Every structure is written in C-alpha cells, then in structure tokens.
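Sequential numbering from 4 applies to the sequence shown in my numbering. Glycine included, every Cβ here is placed at the ideal spot set by N, Cα and C. Treat the numbers as computed from the prediction; the structure is a model and nothing was measured. Report on one structure; see the data block that follows.
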Amino acid sequence: MSKSYDAIVIGAGQNGLTCACYLAAAGLRVLVLERYHAIGGMTLTEEVIGPGYWSDLHASGYQLANFSPVPKDLKLHELGVELIEPEIPFAHAFPDGRAIAVYRDLERTVENISRISPVDAETCRKLFQRYGSEREKIIDSFFSPPPSFADQAKSFATMSNGMEAYRFSLQSIRDWAAETFTSPEVSCLFASFAAFVGAAPDDAGGAEIAWLFASVLQAEGNN
C-alpha cells in the first residue's frame, strides 16, 4: 500500500461507514475496506431469490433512526436519503388469518388489539403510555454508558416502585407475558420482540426488552 492512513475501517456496512465519516470529518485520512461487491451492509436490498424479487439482506427496518444524530450530523438529507415512516410500524400475523397491527396512533392500536382481546388492549394502552412518561430518561440512556450494578441498585432504592421495577428488569418474557396478558396472541406479539434481539423465552431481562422495543416503535416509528 503506497499511501498512509490515520485509520483503516474494516467493513463498509452502515456502522463502518458512519465511523469513517466522523473520523474523516475530524481531519483524519481514512481508508474503508469491504470485500462484498456493494457497500451499505444491513441497509442493502438485492434480488436474492430471482429477478424482480427484492429482499433485505439483513435489516427489515431502521429502528431508532429518529433518535440517532447521524443523519443530521452527516447531512444525509442533502444527499437524497429519505427515511420512510409507515403508519403501521409493526404487525404480527397468526396461522388462522388474524393479525395484530400496531399503529403510530395509540387509539387505533388499542382498537385493533381489542379485536383479539379488549382486556389486553387496555393493558397495552397502559404499557405504551408508560413509555411516554419515561421517554426522556429512556432516550438519555441510549446515548449514555450503562450504569454499574451499584448505581442501578441506588436508582431502584430511590424509586417509589423500586422493587417492582427491579423485578421487571429481571423477568423473562414467558413469565411476564403469562401474568400480564390473557390472550396468547398478544403475548406472542411482545414475545417476538424479545426473540428479535436474541432473548430466549426464559432469559432474565427479556420482558423489559420486549416492552421497550415494542413501545419505542409504536411511539417513534419504524423506518
């Protein structure tokens, strides 16, 4: 290699490209290496199974895009990047032909879930509203180092519902869904989010992950 660089980024996926752009913006000479025939990583869509059939190679959505400072920092809109926000961030279909659709509009979401279970629909309303009441704190946590166990314990100790919050943080999705919902369909809706991030049915913390993921997409959208 005849040229010298301050940084070499291996992989031209969305994370590698983002890192390289920030380094270059800081004045460093950056080289990005990618062995695949195209750059973009999980943002790529290609004709995998045949002509005319387009498939996402990795991601089916760009979750949390509305929180990220990257699009604004890199002025992606000036380059023609447009994040599409569907009215229905996510839905779950069942073998009998029924489905649950979760809308950006909370009332439409509750109405849709009530076709499966009116009781669970009201429970979902409270769960999604809970995210709204904790939104700023949750967003701050996305861009902060995770707290130590000692700091987390202190936080629980200062909360009026500290023991309940501590228990929820350790619950599996199986146990939480069984005590929270009356219908297997709504339980499945939330359990799918735990599975999406790799939490098995009995893994500790799966319940909180499922609630958070579903709540964020309902409130913020899924690009």
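Item                                                                                                           : Value
CB-CB length for Phe97 against Val105, believed under 8 Å                                                      : Phe97 to Val105, Cβ: 14 Å. No contact.
Segment contact flag, the region 201–208 with the region 111–124, C-beta cutoff 8 Å, min 3 pairs               : no
Best match in Asp143, His61 and Ala29 for proximity to Ser71 [C-alpha to C-alpha]                              : Asp143
Under 8 Å between C-beta atoms of Gly209 and Ala197                                                            : yes
Extent of the continuous alpha helix (DSSP H) to which Asp59 belongs                                           : Not the alpha helix (DSSP H): Asp59 falls in the beta strand (DSSP E), residues Trp57 to Asp59.
Every unbroken beta strand (DSSP E) within the region 83–145, with a cutoff of 3 residues, ordered by chain    : 93–96 and 102–105
Inter-residue Cα distance where the pair is Ile91 and Val219                                                   : 13 Å
Where Gly19 sits in the DSSP three-state scheme                                                                : helix
Selection from Leu20, Ala194 and Leu34 that minimises the alpha carbon distance to Asp9                        : Leu34
Segment contact flag, the region 6–22 with the region 36–51, C-beta cutoff 8 Å, min 3 pairs                    : yes
As assigned by DSSP and simplified to three states, the class of Ile42                                         : coil
With 16 other Cβ atoms within 10 Å as the buried cut-off, status of Trp57                                      : exposed
Glu49 classed as buried or exposed, judged by whether at least 16 other C-beta atoms fall within 10 angstroms  : exposed
From Ser186, Asp178, Gly64 and Trp179, residue whose alpha carbon lies closest to that of Ala124               : Ser186
Ser190 classed as buried or exposed, judged by whether at least 16 other C-beta atoms fall within 10 angstroms : buried
Val51 - DSSP class collapsed to helix/strand/coil                                                              : coil
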